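See below for the structure under consideration.
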Amino acid sequence: MYYQSNISFLETCWYLSPPWGSEIPQAKVNIFEKVYMSIASKMEEIGYCCGFECDNGSLRYLVVSDVGIVPLMPEEVISSGELKRLNIEKPKFKLGQVVEYKFASEISKIRIIQGLLFINNSYFYQVEVRSPQLPYLQFPDEESCVFPKSSKKNLSTTSWAASEDLKEL
Numbered sequence: 001m002y003y004q005s006n007i008s009f010l011e012t013c014w015y016l017s018p019p020w021g022s023e024i025p026q027a028k029v030n031i032f033e034k035v036y037m038s039i040a041s042k043m044e045e046i047g048y049c050c051g052f053e054c055d056n057g058s059l060r061y062l063v064v065s066d067v068g069i070v071p072l073m074p075e076e077v078i079s080s081g082e083l084k085r086l087n088i089e090k091p092k093f094k095l096g097q098v099v100e101y102k103f104a105s106e107i108s109k110i111r112i113i114q115g116l117l118f119i120n121n122s123y124f125y126q127v128e129v130r131s132p133q134l135p136y137l138q139f140p141d142e143e144s145c146v147f148p149k150s151s152k153k154n155l156s157t158t159s160w161a162a163s164e165d166l167k168e169l
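If you want it as structure tokens, here you go:
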């Protein structure tokens, strides 16, 4: 029981620790802004920014293009300053906001918004759905390992949730 409460505490701390550190990264482009992609020192028009997500401490931009939604790193996207005119509501939650995730199965349902995406006239918010798994530890005696073996590497710990799945705290 003591170990379980410590694990729950560590998971709660993980969910409340933003992946970007102490400050939310400054957005280089706005949502609904026309953007260009930098390819070999040339600018190529690609589409409109429909969202962003945190990736290794910086924002990755999600851009709607002719081929679908393209993820771009900050050094790959160039701002046009031109916003697409849309008559829509603002997002219910913002990047870095603490919310309650209704479908969390763990003891702690508190999460941080780590990304924002607008598709099909709806906003979706990226939240952590599970804490990262500890790596499989190699012991001299394979039978003594307490961690399950997994054939899958780098499983995503985040998912996109609708505003109905989240509750403001």
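In terms of full-length UniProt numbering, the sequence shown has 161 at position 161, counting the first letter as 1, and numbering is strictly consecutive.
Note that beta-carbon positions come from the ideal geometry of N, C-alpha and C, so glycine has one too.
Every value quoted in this text rests on a predicted model; they were computed, and no experiment measured them.
Using DSSP with H/G/I as helix, E/B as strand and the rest coil, what is E89? coil
At what residues does the beta strand (DSSP E) containing S163 begin and finish? S163 -> no beta strand (DSSP E), and no H or E assigned at all.
Buried or exposed: which applies to G21, given that a residue is buried once 16 or more other Cβ atoms fall within 10 Å of its Cβ? Under the 10 Å beta carbon count, G21 is surrounded by fewer than 16 other beta carbons and is classified as exposed.
Name the DSSP beta bridge partners of D55, please? S58
Taking Cβ to Cβ, would you say G96 is nearer than 8 angstroms to E53? No, they are not a contact pair.
With 8 angstroms as the threshold, decide whether the Cβ of L116 is near any Cβ in chain C. Reference to chain C is not applicable here, since this structure consists of a single protein chain.
Just how far apart, CA to CA, sit S80 and Y125? 25 angstroms
Distance, Cα to Cα, L169 vs V99? 5 angstroms
Given that a residue counts as buried once 16 or more other Cβ atoms are within 10 Å of its Cβ, and exposed if not, what is F9? exposed
Measuring CB to CB, does E16 end up less than 8 angstroms from L62? Note that residue 16 is Leu in the sequence shown, not Glu. One thing to note: L16 has its Cβ no nearer than 8 angstroms to the Cβ of L62.
For F9, does the three-state DSSP call read helix, strand or coil? helix
Alpha carbons only, please: which of V67, I31, Y101, E82 is nearest the one belonging to L59? I31
Can the beta-carbon of V35 be found closer than 8 angstroms to that of I46? It is a contact, given that the beta carbons lie within the stated cut-off.
Burial state of P71, where buried means 16 or more other Cβ atoms lie within 10 Å: With fewer than 16 Cβ atoms within 10 Å of its Cβ, P71 is classed as exposed.
Might you give, ordered along the chain, the residues of its own chain that have their beta carbon closer than 7 angstroms to the beta carbon of E76, omitting 5 neighbours on each side? Within the same chain, and ignoring the five residues on either side of E76 in sequence, the residues whose Cβ sits closer than 7 angstroms to its Cβ are M37, S38.
My guess is that G57 and P19 are in contact by the Cβ rule of under 8 angstroms, so how many angstroms apart are they, rounded? Contact holds; Cβ gap of about 6 angstroms.
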